[in-house]
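Throughout the sequence shown, residue numbering follows my numbering, covering 2 to 678 in sequence.
Note that CB positions come from ideal geometry on N, CA and C, so glycine has one too.
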Amino acid sequence: MAIACGPACGDPPGGDPTDGSPIDAAVDAGAIDAAISIDAGTPDGAPAPDADPDNPFGIRLTDVTDTMPERYYGGRRAGDPWGSGTGAAIADVDGDGDDDVVLARIDDPKSGRPGGPPALLVNGGGFGAFTESAAFRALLVGRRAHGVAAGDYDRDGDVDLFIACEGADVLLANDGSGSFADVTGAAGVGGPSDDVSMGAVWADLNGDGLLDLYVVAHSATAPAASDARNANRIYVNRADGTFADVTAASGAGGDGSSHTALIADLDGDGNLEIYVANDQFAVDGVIGLPGSGLDADAFYDRTGVDGSGTPSYADRAAEVGVDGPRSAMGVAMTDLDGDGLGDLYVSDWGANHVQVWRPGTGDYDTDLGVWELAARASPPGDLFVSWGVRFVDFDRDGWDEVYVVNGSISEPIGCDTHYQLDVLLRRPPDGASFVDISGAAGLPDAFACPAADDTPLEGRGVITGDLDGDGDDDVIVTPYVEAYRFYRNDTPQAGRHRARVRLRGTVSAPDPIGAVVRATLPGGRKLRRTLYGGGDTYSQSDRVLEVGLDGATSFESMRVEWPSGYVQTIAPPVDAATAQIVEPEWLALSARVAAAADPAPELRYAPVDAAGALLGAAGSGRTVTVTRSDGVSVTVIDDGAGAYTAALPHPGAARLTTLSIDVDGVALRPRLLVNYR
Numbered sequence: 002m003a004i005a006c007g008p009a010c011g012d013p014p015g016g017d018p019t020d021g022s023p024i025d026a027a028v029d030a031g032a033i034d035a036a037i038s039i040d041a042g043t044p045d046g047a048p049a050p051d052a053d054p055d056n057p058f059g060i061r062l063t064d065v066t067d068t069m070p071e072r073y074y075g076g077r078r079a080g081d082p083w084g085s086g087t088g089a090a091i092a093d094v095d096g097d098g099d100d101d102v103v104l105a106r107i108d109d110p111k112s113g114r115p116g117g118p119p120a121l122l123v124n125g126g127g128f129g130a131f132t133e134s135a136a137f138r139a140l141l142v143g144r145r146a147h148g149v150a151a152g153d154y155d156r157d158g159d160v161d162l163f164i165a166c167e168g169a170d171v172l173l174a175n176d177g178s179g180s181f182a183d184v185t186g187a188a189g190v191g192g193p194s195d196d197v198s199m200g201a202v203w204a205d206l207n208g209d210g211l212l213d214l215y216v217v218a219h220s221a222t223a224p225a226a227s228d229a230r231n232a233n234r235i236y237v238n239r240a241d242g243t244f245a246d247v248t249a250a251s252g253a254g255g256d257g258s259s260h261t262a263l264i265a266d267l268d269g270d271g272n273l274e275i276y277v278a279n280d281q282f283a284v285d286g287v288i289g290l291p292g293s294g295l296d297a298d299a300f301y302d303r304t305g306v307d308g309s310g311t312p313s314y315a316d317r318a319a320e321v322g323v324d325g326p327r328s329a330m331g332v333a334m335t336d337l338d339g340d341g342l343g344d345l346y347v348s349d350w351g352a353n354h355v356q357v358w359r360p361g362t363g364d365y366d367t368d369l370g371v372w373e374l375a376a377r378a379s380p381p382g383d384l385f386v387s388w389g390v391r392f393v394d395f396d397r398d399g400w401d402e403v404y405v406v407n408g409s410i411s412e413p414i415g416c417d418t419h420y421q422l423d424v425l426l427r428r429p430p431d432g433a434s435f436v437d438i439s440g441a442a443g444l445p446d447a448f449a450c451p452a453a454d455d456t457p458l459e460g461r462g463v464i465t466g467d468l469d470g471d472g473d474d475d476v477i478v479t480p481y482v483e484a485y486r487f488y489r490n491d492t493p494q495a496g497r498h499r500a501r502v503r504l505r506g507t508v509s510a511p512d513p514i515g516a517v518v519r520a521t522l523p524g525g526r527k528l529r530r531t532l533y534g535g536g537d538t539y540s541q542s543d544r545v546l547e548v549g550l551d552g553a554t555s556f557e558s559m560r561v562e563w564p565s566g567y568v569q570t571i572a573p574p575v576d577a578a579t580a581q582i583v584e585p586e587w588l589a590l591s592a593r594v595a596a597a598a599d600p601a602p603e604l605r606y607a608p609v610d611a612a613g614a615l616l617g618a619a620g621s622g623r624t625v626t627v628t629r630s631d632g633v634s635v636t637v638i639d640d641g642a643g644a645y646t647a648a649l650p651h652p653g654a655a656r657l658t659t660l661s662i663d664v665d666g667v668a669l670r671p672r673l674l675v676n677y678r
């Protein structure tokens with residue numbers, strides 16, 4: 002069969018991979034590291050005869066908060082006028098294959114509602130088997146933490162943590178077993194001592210295969226005050242454990258009060274854009290704060306990368322039609338209309354926003370969506386404040402549900418005015434409007450005062466991950482001052498198959514933010530799942546992409562579009578114990594950091610086919626050029642067996658150098674960085 006494999010084979014980056022030069026190759030499941038797991042189930046995936054027509058496959062979430070070691074309260078920072086809460090992350094921090102949980106809490110006894118230090122809950126085998134790490138708690142005593150982001154910034158194979166705080170932030174390096182060291186000072190990512198960081202996103206912003214960091218900040222005081230300008234920050238990874246603050250040079254800081262940012266290839270140009278959800282504190286003058294001067298939402302489009310690896314951006318929010326005004330709190334991404342492009346759901350005060358990307362227009366249609374799709378998530382006559390939002394296919398029918406967390410912005414006083422309900426909306430497969438199934442799915446669906454020892458529901462974020470190891474996504478709702486809520490997914494699995502995909506980059510960053518998985522189901526229906534960074538308010542979900550198969554037992558085809566530009570094609574049936582796909586290492590550096598006395602780093606380019614197999618002699622004879630940003634000439638050697646190598650000697654002075662690589666006149670997407678000391 003004919004398979005296109007992208008720029009790793011010499012095809013142009015950024016375009017439709019089916020338009021490149023095809024290479025005949027057999028797809029060998031053995032070339033894929035534990036590729037796709039298709040869960041078992043009965044052949045009959047039809048709903049039961051007496052099923053709820055709005056919830057035919059029985060989506061059910063069960064509150065299991067009391068199975069955790071204790072009730073973990075988020076806490077409230079002192080003097081907080083806007084109700085900013087706390088987040089969490091789901092990630093396997095100790096490498097045992099189970100999803101652990103990190104809670105970013107506010108440890109401030111002066112606040113009146115302290116939560117306690119940030120917590121690491123280690124998964125010992127599902128709900129009821131979590132234990133809290135005492136060492137982690139001791140490491141973060143006294144921190145007023147709001148957000149957490151997990152990622153492998155040092156490419157050593159384990160999950161590191163960034164804790165976003167009021168005051169200095171914290172970077173924790175993982176030793177591989179779930180024990181952490183505070184490396185904030187050495188890394189240079191502590192940030193200002195007087196700001197309020199709300200969260201962060203790990204993503205490779207400059208295409209060098211290393212995770213960079215985008216930190217979102219919120220106003221420390223009332224929005225009209227002159228000191229309410231806590232700019233977001235960009236830290237670029239320098240490969241040696243340090244980061245450079247390039248906020249000013251990048252043009253992607255902004256002065257908004259940001260709750261989250263979503264990073265993905267939003268416009269299909271092959272680069273990562275940054276969508277920033279900014280809170281203007283008012284919707285149509287509802288809360289009477291005109292003239293705050295805070296930014297509307299931002300759509301930062303990358304315009305270039307300089308010779309030292311610093312990316313530059315232009316804000317195209319007005320051009321693409323997403324510049325508000327609004328009080329945006331969270332962002333989620335999915336393909337709502339089935340055209341293969343990513344659409345956005347933005348939460349707000351009152352009506353939320355559905356932004357559908359229109360092919361060929363270069364912008365979002367913000368008129369279609371929230372009303373037509375009944376996705377407002379605020380009951381008629383009520384003005385809910387929506388915060389976290391997450392698309393997830395609970396019933397595996399290939400159509401995403403949307404979970405929206407609602408919560409007021411003031412100290413809870415009583416159930417009559419401060420009890421806001423979360424909403425779970427399901428979209429029927431006929432493409433009709435969403436239907437509220439909150440009550441049927443087990444969420445509170447009526448106003449009721451909580452027990453005396455608890456506070457009203459004041460949710461902020463929502464994240465998903467398989468916390469009990471049964472193959473489906475469970476839910477954590479993060480709080481303002483209430484306790485974190487844990488929901489076990491008890492949706493029946495029989496006959497409802499899915500593929501769960503975890504991606505690991507090699508040429509791309511280890512966490513390959515921006516990767517896209519496209520699957521074709523029997524009958525020709527096409528699904529897209531995007532590994533985007535951020536979006537979760539103050540929080541981060543697990544990095545698994547789930548593709549619901551709508552009752553089918555397999556898919557007709559699947560491909561992964563890696564951020565590096567390489568396109569990997571997978572043909573079924575593929576069955577494995579886990580769901581990890583590893584990107585073939587078709588481009589590599591022997592060293593990313595080199596002193597003058599060290600051996601010269603070597604660049605190796607070895608084109609592969611769509612299954613990841615080396616082309617060998619068939620890949621030789623190409624014109625490969627490597628250009629260094631420091632001006633040193635490069636000689637590329639073709640070994641005749643399908644590999645191209647280039648020595649990269651020290652330039653004689655300490656500097657950062659990026660590499661531009663062309664194959665037969667086509668520029669490859671990666672811009673690898675060498676840090677010469």
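inquiry  = So, with DSSP's three-state summary, where would you put Phe138?
reply    = Note that residue 138 is Arg in the sequence shown, not Phe. The answer is helix: DSSP assigns Arg138 an H, G or I state.
Start and end residues, beta strand (DSSP E) containing Ser558 = Where Ser558 is concerned, the enclosing beta strand (DSSP E) stretches over 558–562.
inquiry  = Run through the DSSP bridge pairs and tell me what Ala182 is partnered with.
reply    = Partner(s): Ala174.
query = When the distance is taken between beta carbons, is Gly399 closer than 9 Å to Leu162?
reply = Taking 9 Å as the Cβ cut-off, Leu162 and Gly399 do not qualify as a contacting pair.
message = Taking 9 Å as the threshold (C-beta atoms), are Asp316 and Gly269 in contact?
response = no
request  = Determine the direct distance from the alpha carbon of Val635 to that of Phe652, and round the result to whole angstroms.
outcome  = As written in the sequence, residue 652 is Pro, which differs from the Phe given in the question. Cα-Cα distance, rounded: 12 Å.
message = Do Asp170 and Val190 count as a contact pair if the criterion is CB distance below 9 Å?
response = yes
query = Residues in its own chain within less than 7 Å of Leu374 by CB, not counting five upstream and five downstream?
reply = Val355, Ser434, Phe435
At least three beta-carbon pairs within less than 8 Å, the region 583–602 to the region 523–537 = no
query = Whose C-alpha, out of Pro650, Glu586, Ala580, is nearest the C-alpha of Pro600?
reply = Pro650
request  = Going by CA-CA distance only, name the one from Gly620, Pro585, Val568 that's closest to Gly613.
outcome  = Put simply, of Gly620, Pro585, Val568 the residue whose alpha carbon is nearest the alpha carbon of Gly613 is Pro585.
query = Since Val277 is in the alpha helix (DSSP H), which residue starts that stretch and which ends it?
reply = Counting along the chain, Val277 falls outside any alpha helix (DSSP H), though it belongs to the beta strand (DSSP E) covering 274–279.
query = Cα separation between Glu412 and Pro480?
reply = Its pLDDT being 47, under 50, Glu412 is placed unreliably by the model, and nothing is read from it.
query = In three-state DSSP terms, what is Val357?
reply = strand
Enclosing beta strand (DSSP E) for Ala333 [first to last residue] = 332–335
task = Tell me whether Ile164 is buried or exposed, calling it buried when 16 or more other Cβ atoms sit within 10 Å of its Cβ.
result = buried
query = Who pairs with Phe300 in a beta bridge, going by DSSP?
reply = Tyr276
inquiry  = With the cut-off set at 9 Å, would you say Asp53 and Gly59 are in Cβ contact?
reply    = yes
message = Do Gly620 and Pro608 count as a contact pair if the criterion is CB distance below 9 Å?
response = yes
message = So within the region 498–545, which uninterrupted beta strand (DSSP E) runs reach at least 3 residues, ignoring any that extend past its ends?
response = 499–505, 517–521, 527–531
task = Return the bridge partner residues of Phe392 from the DSSP annotation.
result = Val403
message = I'd like to confirm something about Ala644: is its beta-carbon nearer than 8 Å to some heavy atom of the ligand FMN, or not?
response = The ligand FMN is absent from the structure shown, which contains no ligand whatsoever.
ask   = According to DSSP, is Ala319 helix, strand or coil?
value = In this structure, DSSP gives Ala319 a helical state, which the three-state scheme calls helix.
The alpha helix (DSSP H) enclosing Ala249, as first and last residue numbers = 248–251
query = Between the C-alpha atoms of Arg359 and Tyr365, what's the straight-line distance to the nearest angstrom?
reply = Each residue's Cα considered, the two are about 6 Å apart.
task = Measure the CB-CB distance between Thr538 and His260 and report whether it falls below 9 Å.
result = yes
query = Apart from the five residues just before and just after Asp29, which ones in its own chain have a Cβ nearer than 8 Å to its Cβ?
reply = Summary for Asp29: the model assigns pLDDT 33, below 50, so the residue's position carries little reliability; its value from the coordinates is reported in the next sentence. Here Asp29 has Ala612, Ala614 as same chain residues with Cβ atoms under 8 Å from its own Cβ, once five neighbours each way along the sequence are excluded.
key: Three-state secondary structure (DSSP) of Ala595   = strand
Secondary structure of Gly210, DSSP reduced to three states = coil
ask   = What do you get for Gly11, buried or exposed, if any count of 16 or more other CB atoms within 10 angstroms of its CB means buried?
value = Bear in mind that the predicted position of Gly11 carries a pLDDT of just 42, short of 50, making it too unreliable to give a figure here.
inquiry  = What residue range does the beta strand (DSSP E) around Thr492 cover?
reply    = No beta strand (DSSP E) holds Thr492; DSSP gives it neither H nor E.
query = How is the beta strand (DSSP E) around Val160 delimited, first residue to last?
reply = Where Val160 is concerned, there is no enclosing beta strand (DSSP E), given that its DSSP letter is neither H nor E.
Test item: CB-CB of Val482 and Arg77 under 9 Å = yes
Coil, strand or helix - Pro312 by DSSP = Of the three classes helix, strand and coil, the one that applies to Pro312 here is strand, per DSSP.
request  = Could you tell me how far apart the beta carbons of Tyr314 and Asp298 are, in whole angstroms, since I believe they sit closer than 8 Å?
outcome  = Contact flag wrong, Cβ pair sits at about 14 Å.
query = Per DSSP, Val583 is paired with what?
reply = Looking at the DSSP output, Val583 bridges to Arg505.
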